[in-house]
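To start, the structure under review is shown below, and the notes come after it.
Numbering (the numbering used here), first residue to last: 2 to 465.
Have a look at this one:
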């Protein structure tokens with residue numbers, strides 16, 4: 002018998018059943034999983050990402066024309082900042098396991114407010130280096146804390162919340178990029194400084210909004226039903242973590258949990274879609290194809306629109322451990338086909354190459370949709386609830402490492418090898434997707450254990 006639950010947009014039943022169509026994007030943004038706290042946090046996230054759009058569109062030009070840094074200095078500056086950002090995730094996870102989440106996130110926003118303001122006052126490379134590094138560290142720490150907030154506020158509906166947050170973030174990012182376009186068209190020093198100041202002020206607004214939320218403590222026992230473990234026995238079972246303090250044989254530190262570290266290690270190359278979209282596609286178009294250069298902005302437009310429109314639908318079809326690990330295989334297929342299209346674009350005429358590259362942009366965006374669901378959901382499900390903050394902090398490193406290593410990998414290895422480099426990359430990512438699926442399935446199977454009928458997931462603790 003099926004029982005519909007109002008507002009969840011899914012049908013309770015077998016693990017493989019596709020959830021029923023639920024409320025639309027706007028309706029869920031007004032009443033998201035997690036209620037008032039989640040609604041305020043989504044607004045804060047949108048404001049934050051609007052500022053990020055300003056920074057992404059204007060930072061390189063500001064550093065070039067206002068602070069007069071060379072291209073080499075800018076590369077070193079952003080590279081060192083990216084490395085500093087890697088430390089932000091585990092640091093945030095460790096602190097969140099000891100201190101309340103809300104003031105930590107407010108602190109991250111205020112840290113970035115201060116550092117971005119200092120960017121406007123720093124005269125040269127030496128002064129900018131620690132300031133920009135601190136900004137990136139605060140940025141990665143904030144993203145990890147936002148993930149932890151979602152797991153506490155949304156509970157089992159965290160996939161739906163993640164989809165809403167991705168849609169809100171991309172919409173904000175697009176708005177920021179649009180505002181930046183106006184400032185860049187003006188092109189004066191004051192216009193560049195106004196854009197950086199706008200980014201700094203977005204952190205102040207986000208901090209005020211976060212402070213209006215209530216503090217949530219995680220007091221849940223996550224239960225994944227028998228559908229959780231692909232290949233597990235058909236008898237009712239669960240991939241679950243028992244209550245805090247009663248998790249037999251599981252390390253309390255993620256750094257001693259080999260299975261989880263294996264997941265994080267494999268997740269690093271599974272984030273390469275980000276660099277393919279931002280670096281690989283534009284540079285490949287410009288340097289190796291005859292497609293018109295004016296096509297480059299279309300890649301970002303395609304990505305932003307598809308993420309806003311499709312993220313909620315994708316998340317509904319990837320809820321639960323079984324469907325989540327299946328998205329890993331689809332991710333591998335999409336990335337392989339995308340890389341194959343990039344390899345073939347060099348032999349096409351102008352307009353055929355343009356069509357092929359647009360198709361590749363669509364495929365890499367669809368892959369991003371799959372990865373954003375699987376990576377985040379698996380990071381939560383594979384972590385013991387009593388140590389989740391520290392585990393998610395370690396999991397957040399995968400994106401930071403990819404952002405630092407991905408661009409030089411593409412430009413220095415993949416693209417240098419020509420079309421064959423793309424084919425090898427696509428094959429490797431597809432193979433790693435299979436390996437990640439097998440590794441996660443084995444971990445779920447190892448954790449599977451019978452759960453009494455009375456077992457249920459506790460609601461998050463009410464705000465203090």
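Backbone N, C-alpha and C define an ideal beta-carbon position, used for all residues, glycine too.
Across the structure, residue 302 and residue 275 are spaced so that their CA atoms are roughly 14 Å apart. Ranked by Cα distance from residue 311, the first of 373, 359, 343 and 129 is 373. The DSSP assignment places 389-396 and 398-410 as complete runs of the alpha helix (DSSP H) inside the segment 384-430, in order along the chain (cut-off: 4 residues). For residue 405, the CB contacts under 8 Å within the same chain, skipping 5 residues up- and downstream, are 80, 83, 84, 86 and 87 in chain order. Here the alpha carbon of residue 394 sits roughly 45 Å from the alpha carbon of residue 352. Fewer than three beta-carbon pairs drawn from the segment 169-184 and the segment 326-337 are found closer than 8 Å, and the two stretches are therefore not classed as touching. For residue 191, the number of other beta carbons within 10 angstroms of its own is below 16, and it is reported as exposed.
A distance below 7 Å separates the beta carbons of residue 399 and residue 272. Nearest to residue 141 by C-alpha distance, out of 62, 50 and 64, is 50. Here residue 299 is not near residue 427, since their CB atoms are 7 Å or more apart.
Rounded to the nearest whole angstrom, the CA to CA distance from residue 137 to residue 174 is 17 Å.
When secondary structure is reduced to three states using DSSP, residue 105 falls in the helix class.
Comparing alpha-carbon positions, the option among 408, 268, 170 and 145 lying closest to residue 391 turns out to be 145.
Residue 361 carries a helical assignment under DSSP once its states are collapsed to helix, strand and coil. According to the DSSP assignment, residue 123 belongs to no alpha helix (DSSP H), since it is labelled neither H nor E.
With fewer than 16 other beta carbons inside 10 angstroms of its own, residue 418 counts as exposed. Straight through space, the alpha carbons of residue 115 and residue 206 are spaced by roughly 13 Å.
Secondary structure in the segment 302-339: no beta strand (DSSP E) run of 3 residues or longer lies completely within the stretch.
Minimum Cα-Cα distance from residue 102 among the listed residues 151, 193, 324 and 156 corresponds to 151. Residue 104 sits exposed, since fewer than 16 C-beta atoms from the chains shown fall within 10 Å of its C-beta. Below 8 Å, too few C-beta pairs join the segment 378-391 and the segment 363-370 to call them touching: fewer than three. DSSP, read as helix, strand or coil, puts residue 38 in helix. Looking at 344, 370 and 68, the one whose alpha-carbon comes closest to that of residue 124 is 68.
Between residue 107 and residue 211, the CB-CB gap stays under 7 Å.
Shown here, residue 349 sits in coil according to DSSP, grouped into three states, outside any helix or strand.
Between residue 396 and residue 148, the alpha-carbon positions lie close to 11 Å from each other. Comparing C-alpha distances from residue 441 to each of 209, 263 and 282 shows the shortest one belongs to 263.
Shown here for residue 33: same chain residues with a beta carbon closer than 8 Å to its own, the five before and five after excluded, namely 39, 40, 43, 155, 161, 162 and 165 in chain order. Counting only residues of its own chain and dropping the five nearest sequence neighbours on each side, residue 316 has a CB closer than 7 Å to the CB of 160, 161, 163, 164 and 374.
Its chain contains 58 as the residues whose beta carbon lies nearer than 8 Å to that of residue 182, once the 5 sequence neighbours on both sides are disregarded; these appear in chain order. Taking the Cα positions, residue 65 is about 42 Å away from residue 215. Here residue 258 carries a coil assignment [DSSP, helix/strand/coil].
Each residue's CA atom was taken as its position, placing residue 121 and residue 194 some 7 Å apart. Residue burial annotation: residue 355 is buried, with at least 16 other C-beta atoms found within 10 angstroms of its C-beta. Note that the C-beta distance between residue 268 and residue 376 is below 7 Å.
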